[in-house]
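Undergrad:
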Amino acid sequence: MSQAQVPVTVLTGYLGAGKTTLLNRILSEQHGKKYAVIVNEFGELGIDNDLVVNADEEVFEMNNGCICCTVRGDLIRIIEGLMKRKDKFDGILVETTGLADPGPVAQTFFTDEEVKARTRLDAIVTVVDAKHFLGQLGQGHEAEEQVAFADVILLNKTDLVSAEELARVEDRIRTINRYARIFKTEKSRIELEAILDKGAFDLKRILEFEPDFLHHGHDHDHEEEVASLSLTADRPVDPDKFQKWMGALLQLRGPDIFRSKGILAIQGAPRRYVYQGVHMMMDSDWGTPWKEGEKRSSKLVFIGRNLDGANLQRGFDDCLAPA
Amino acid sequence: MKPDLSRPSWAERLPPTRSVAGDAPVAACAFNRDGTVVAFALGDGRVRLLPADLGAALPEAAAPVHGGVALSLIADPSGDGFVSGGDDGRLLRHGKDGSTSEIASYKSRWIEHLAAHRNGTIAAAVGRNAVIVEGGEVRELGPHQSTVAGIDFSKDGGRIACAHYGGVTVWSLGQAALPPRLFAWRGSHVAMKWSSDGRFIATGTQENDIHVWRIAQATDMRMQGYPAKVKSLAWASDSRFLCTSAQAVFTAWPFAGKGPEGKPPVQFGSEGAGLMTVVATQGTSDLVAGGYDSGEVQLGDLKSRRSVVLKMADGSAVTSLAWSPDGGKLAIGNERGDLMVVDLKR
Chain Z
1 MSQAQVPVTV LTGYLGAGKT TLLNRILSEQ HGKKYAVIVN EFGELGIDND
51 LVVNADEEVF EMNNGCICCT VRGDLIRIIE GLMKRKDKFD GILVETTGLA
101 DPGPVAQTFF TDEEVKARTR LDAIVTVVDA KHFLGQLGQG HEAEEQVAFA
151 DVILLNKTDL VSAEELARVE DRIRTINRYA RIFKTEKSRI ELEAILDKGA
201 FDLKRILEFE PDFLHHGHDH DHEEEVASLS LTADRPVDPD KFQKWMGALL
251 QLRGPDIFRS KGILAIQGAP RRYVYQGVHM MMDSDWGTPW KEGEKRSSKL
301 VFIGRNLDGA NLQRGFDDCL APA
Chain W
1 MKPDLSRPSW AERLPPTRSV AGDAPVAACA FNRDGTVVAF ALGDGRVRLL
51 PADLGAALPE AAAPVHGGVA LSLIADPSGD GFVSGGDDGR LLRHGKDGST
101 SEIASYKSRW IEHLAAHRNG TIAAAVGRNA VIVEGGEVRE LGPHQSTVAG
151 IDFSKDGGRI ACAHYGGVTV WSLGQAALPP RLFAWRGSHV AMKWSSDGRF
201 IATGTQENDI HVWRIAQATD MRMQGYPAKV KSLAWASDSR FLCTSAQAVF
251 TAWPFAGKGP EGKPPVQFGS EGAGLMTVVA TQGTSDLVAG GYDSGEVQLG
301 DLKSRRSVVL KMADGSAVTS LAWSPDGGKL AIGNERGDLM VVDLKR
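So the sequences go chain by chain: Z and W.
Quick note: the working numbering has the first sequence finishing at residue 323, numbered continuously throughout.
Quick note: the working numbering has the second sequence finishing at residue 346, numbered continuously throughout.
1) Identify the residues that DSSP records as bridge partners of F31 of chain W: which are they?
2) How would you call E29 of chain Z, buried or exposed, if buried means at least 16 neighbouring beta carbons within 10 angstroms?
3) Under 8 Å Cβ to Cβ from G73 of chain Z, same chain only, skipping five residues before and after it: list those, please.
4) Tell me the DSSP secondary structure of P239 of chain Z in three-state form.
5) Quick one: grab the DSSP three-state call for M83 of chain Z.
6) Does any residue of chain W have a CB that is nearer than 9 Å to the CB of N63 of chain Z?
7) Step through the CB atoms of chain W and report whether any lies within less than 9 Å of the CB of E114 of chain Z.
8) Relative to the C-alpha of G287 of chain Z, which residue among Z:E294, Z:T232 and Z:Y275 is closest?
9) Confirm, please, whether the CB-CB distance from L182 of chain W to G166 of chain W is below 9 Å.
10) Quick check on the DSSP output: the beta strand (DSSP E) that includes E95 of chain Z runs from which residue to which?
11) Within 9 Å (strictly less), CB to CB, does R18 of chain W reach chain B?
12) Determine, using beta carbons only, whether L73 of chain W comes closer than 9 Å to chain Z.
13) Pull up the distance between the alpha-carbon of A27 of chain W and that of K84 of chain Z, whole angstroms please.
14) Would you report the Cα separation of L310 of chain W and A322 of chain W, rounded to the nearest angstrom?
15) Nearest CA to the CA of V278 of chain Z: which residue from Z:G13, Z:T70, Z:A55 and Z:E294?
16) Does any CB atom of chain W fall closer than 9 Å to the CB of A227 of chain Z?
17) Just curious, the beta strand (DSSP E) that N129 of chain W is in, first and last residue?
18) What is the rounded straight-line gap between the Cα of A115 of chain W and the Cα of F258 of chain Z?
19) Please identify, using Cβ separations under 9 Å, the residues of the segment 176-204 of chain W that lie next to chain Z, in order along the chain.
20) Determine whether the beta carbon atoms of S105 of chain W and N54 of chain Z lie at a separation below 9 Å.
21) What residue from W:S78, W:P16 and W:F250 has the CA that sits closest to G274 of chain W's CA?
22) Is T284 of chain W close to chain Z, meaning its C-beta is less than 9 Å from at least one C-beta of that chain?
23) So for W194 of chain W, helix, strand or coil by DSSP?
24) Measure the alpha-carbon distance for G157 of chain W versus H31 of chain Z and round it to whole angstroms.
25) What did DSSP end up calling V170 of chain W once you bin it into helix, strand or coil?
26) Quick one: list the residues of chain Z neighbouring Q206 of chain W, beta-carbon separation under 8 Å, in chain order.
27) On the DSSP letters alone, give me the boundaries of the alpha helix (DSSP H) that W10 of chain W sits inside.
28) Measuring alpha carbon to alpha carbon, tell me which of Z:E225, Z:V52, Z:I124 and Z:R271 ends up nearest E292 of chain Z.
29) Going by DSSP, which residues form a beta bridge with P180 of chain W?
30) In chain W, what lies closer than 7 Å to R85 of chain Z by C-beta?
31) Kindly confirm or deny that the segment 242-258 of chain Z and the segment 73-82 of chain Z touch, where touching means at least three C-beta pairs closer than 8 Å.
32) Do you know offhand how far G283 of chain W's Cα is from P325 of chain W's?
33) Using the beta-carbon count (16 or more within 10 Å), is D317 of chain Z buried or exposed?
34) Evaluate contact between the segment 293-304 of chain Z and the segment 299-316 of chain W, counting only Cβ atoms and requiring at least three cross-stretch pairs below 8 Å.
35) Using the rule of at least 16 other Cβ atoms within 10 Å of the residue's Cβ for burial, across every protein chain shown, is L54 of chain W buried or exposed?
36) Measuring only the C-alpha atoms, how far is L242 of chain W from A252 of chain W?
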């Protein structure tokens, strides 16, 4: 029985950021949709119904020699179980614990064939506590990495900070991740359309996730550990050279590169080549054709730790076809 | 009773079959101990009972007994009906008359795997623990390294094996309980079956491999080359073969004599039915039933290496198969919710 892939939204955020409030809202509001919610702490949600599933965050290493290839074993099991239900879902939300690395969750949707057949990763949504975020950055990698992985950020509890504090937090978020959409919220109050069914991992919609340059045109600060950067080229890309370079880069730096995506003008190809990845996992396809007379430029985006922009640009430049 | 698959009549027409609309995906099916009733665990929480006799009147469909999905089902080893587990965390006993009683309940846990021994003991995988039900007594073994993904008894019922991330743990159920023994292999194990002669434990892994341990020697072996996870395993012909899903034809590893090391698996049957999703065998018999993701079901004979089609492909993947105790009937369940009983005695 063929059925459409169910979209999965991953909900991350540091302890106390407002994930549970958001989930309660999604479960209790009248929106005419049916969402299954996979939570890590059953008791926290005020709502007890059979659409709420308890997970144990079982992070499994794949026995395939790939060092950063970890998956959520419990998610594979739960998704298979949910698909046995008579009633189908409009979507699945996966909540991670406040201290969780979103990597294994995302990688599960790149790795497991059955999960891939039944579901598609839609977006990673991160809830940020406007009051405590800057302090949390000093307490470990988690708060920073959750922002780095995000497609959508709820900058929450804005009512608890001054305009200046809020601007500082937003600025800090932007140095980590320039590409996520930020929504400022109080008490996790947000239209569900803003966070659900975004297609952030859909190769056909990669163009919709262009950075918000107007708002934040400044270059990233090299002092910062986790940052985002983009590389561009106006000459076509040599596919063999690019594959070699990207392969070596991910092999070497995969654990440090949280998200990557790109749109490439391949030499001699009439269509765009699009890809996106999480750590060393990569997904790619041919995109829309270039229009007659359209400027064929390529663009890569990385969000990661200790990225050397100049070095990456040099590597990318070496992949370009001779002028 | 043993059908002879070389007889031309087997290839000419499909055997008599009754198909009932179950209206929800079938998660598991089983015959009861005396083979008179077949039950299907469904994706709407119902456990639907049908008479094994194709001509008997159908009872009315019962109401859901589990909150979400009835995930697992076995014959009750000490009664006339069945035992089921659900994603509501309830372990239920069903009489063949349709009566239901609760054995135990584990809030916010799923009960996906059940096993039974003919001595009457029931085992259920509940989160990271194994729950053992002996008579009126319920006890837990664990916790294991992860959620238990497969559970099975030893031949004599004295031990229980639990598959989990990192391998298989074997617990002694005897009076003087011995410490559990770990048969380790890296990675996640997604299916497990103890051979009926007690000598081997086989698992399917997240990496599309089969792993098999020799219990006495504590040696192990790995079989690779599957295009998908092997989620269905079945020992056949008195443990002379290990049959596996996730291939386009019947695939059985020979375990007689020195074992399968250095030998290719026995493969036979007609390709074109897709990928096998479920394989089911029956004790000492050489017969093996295989269900495919296309909906086709084939019956194979490990001895003659012949196969016939029992059910045509219909686009709805086969999710479960069960043999009647006498081997004369086969129950089939699929994703769409068709509940089927095939009569092989003819």
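Heads up, the beta-carbon is just placed ideally off N, CA and C, and yes, glycines get one too.
TA: Straight from the coordinates:
1) Counting from one through the second sequence, the residue named residue 31 of chain W turns up at place 31. In the DSSP output, where bridge partners are listed per residue, F31 of chain W has W:V38.
2) The residue you call residue 29 of chain Z lines up with position 29 of the first sequence. Exposed, since its Cβ has fewer than 16 Cβ neighbours within 10 Å.
3) In the first sequence, counting from the first residue as 1, residue 73 of chain Z sits at position 73. Excluding positions up to five away in sequence, the list reads E58, V59 and F60.
4) Translated into the one-based positions of the first sequence, residue 239 of chain Z becomes position 239. P239 of chain Z falls in the helix class under three-state DSSP.
5) Locating residue 83 of chain Z in the first sequence gives position 83, counting from the first residue. Note: M83 of chain Z maps to coil in three-state DSSP.
6) If you number the first sequence from 1, residue 63 of chain Z lands on position 63. Judged by the 9 Å Cβ criterion, N63 of chain Z is in contact with chain W.
7) Position 114 of the first sequence, counted from the first residue, corresponds to residue 114 of chain Z. For E114 of chain Z, the answer is yes, since a Cβ of chain W falls inside 9 Å of its Cβ.
8) Position 287 of the first sequence, counting from 1, holds the residue named residue 287 of chain Z. The residue with the shortest Cα to Cα distance from G287 of chain Z is Z:Y275.
9) Numbered from 1 along the second sequence, position 166 holds the residue referred to as residue 166 of chain W. Numbered from 1 along the second sequence, position 182 holds the residue referred to as residue 182 of chain W. Against a cut-off of 9 Å, the Cβ pair of L182 of chain W and G166 of chain W comes out as a contact.
10) Residue mapping note: residue 95 of chain Z aligns to position 95 of the first sequence, counting from 1. Start and end: G91 to E95.
11) Absent from the structure: chain B. Protein chains present are Z and W.
12) Within the second sequence, residue 73 of chain W is the residue found at index 73, counting from 1. It does not; no Cβ of chain Z falls within 9 Å.
13) Position 27 of the second sequence, counting from 1, holds the residue named residue 27 of chain W. Position 84 of the first sequence, counting from 1, holds the residue named residue 84 of chain Z. Looking at the two C-alpha atoms, the distance is approximately 7 Å.
14) For this step, residue 310 of chain W is matched to residue 310 along the second sequence. For this step, residue 322 of chain W is matched to residue 322 along the second sequence. Each residue's alpha carbon lies about 14 Å from the other.
15) As a first step, residue 278 of chain Z must be located in the first sequence, where it is residue number 278. Here the closest residue by C-alpha is Z:T70.
16) Reading the first sequence from its first residue, position 227 is the one you call residue 227 of chain Z. A227 of chain Z does not count as touching chain W.
17) As a working note, residue 129 of chain W is residue 129 in the second sequence. Where N129 of chain W is concerned, the enclosing beta strand (DSSP E) stretches over N129 to E134.
18) The residue given as residue 115 of chain W occupies position 115 in the second sequence. The residue given as residue 258 of chain Z occupies position 258 in the first sequence. Using only the alpha carbons, I get a separation of about 42 Å.
19) W185, R186, G187, S188 and V190
20) In the second sequence, residue 105 of chain W corresponds to position 105, counting from 1. In the first sequence, residue 54 of chain Z corresponds to position 54, counting from 1. In this structure, N54 of chain Z does not lie closer than 9 Å to S105 of chain W by Cβ.
21) Translated into the one-based positions of the second sequence, residue 274 of chain W becomes position 274. Checking every option, the nearest Cα to that of G274 of chain W belongs to W:F250.
22) Working through the second sequence from its first residue, we reach residue 284 of chain W at position 284. By this cut-off, T284 of chain W is not an interface position.
23) Here residue 194 of chain W is taken as the residue at index 194 of the second sequence, counted from 1. Of the three classes helix, strand and coil, the one that applies to W194 of chain W here is strand, per DSSP.
24) Against the second sequence, residue 157 of chain W aligns to sequence position 157. Against the first sequence, residue 31 of chain Z aligns to sequence position 31. For G157 of chain W and H31 of chain Z, the distance between alpha carbons rounds to 52 Å.
25) For the purposes of this step, residue 170 of chain W is taken as residue 170 along the second sequence, with counting starting at 1. In this structure, V170 of chain W counts as strand in the three-state DSSP scheme.
26) Here residue 206 of chain W corresponds to residue number 206 of the second sequence, with the count starting at 1. Neighbours of Q206 of chain W on chain Z, chain order: F60, M62, N63, V71, G73, I76 and D112.
27) As a first step, residue 10 of chain W is located in the second sequence; it is residue number 10 there, counting from the start. From DSSP, the alpha helix (DSSP H) with W10 of chain W extends over P8 to E12.
28) Indexing the first sequence from 1 puts residue 292 of chain Z at position 292. Nearest of Z:E225, Z:V52, Z:I124 and Z:R271 to E292 of chain Z, Cα basis: Z:R271.
29) By one-based count along the second sequence, residue 180 of chain W stands at place 180. P180 of chain W pairs with nothing; no bridge assigned.
30) Residue numbering aside, residue 85 of chain Z sits at position 85 when the first sequence is read from its first letter. Within chain W, the residues near R85 of chain Z are G43, G68 and V69.
31) no
32) Locating residue 283 of chain W in the second sequence gives position 283, where the first residue counts as 1. Locating residue 325 of chain W in the second sequence gives position 325, where the first residue counts as 1. Rounded to whole angstroms, G283 of chain W to P325 of chain W spans 9 Å at the Cα level.
33) Residue 317 of chain Z sits at position 317 when you count from the first residue of the first sequence. Counting Cβ neighbours within 10 Å, D317 of chain Z comes out exposed, since fewer than 16 surround it.
34) no
35) In the second sequence, the residue the question calls residue 54 of chain W occupies position 54. By the neighbour-count rule (16 or more Cβ atoms within 10 Å), L54 of chain W is not buried but exposed.
36) Numbered from 1 along the second sequence, position 242 holds the residue referred to as residue 242 of chain W. Numbered from 1 along the second sequence, position 252 holds the residue referred to as residue 252 of chain W. Whole-angstrom Cα-Cα distance: 5 Å.
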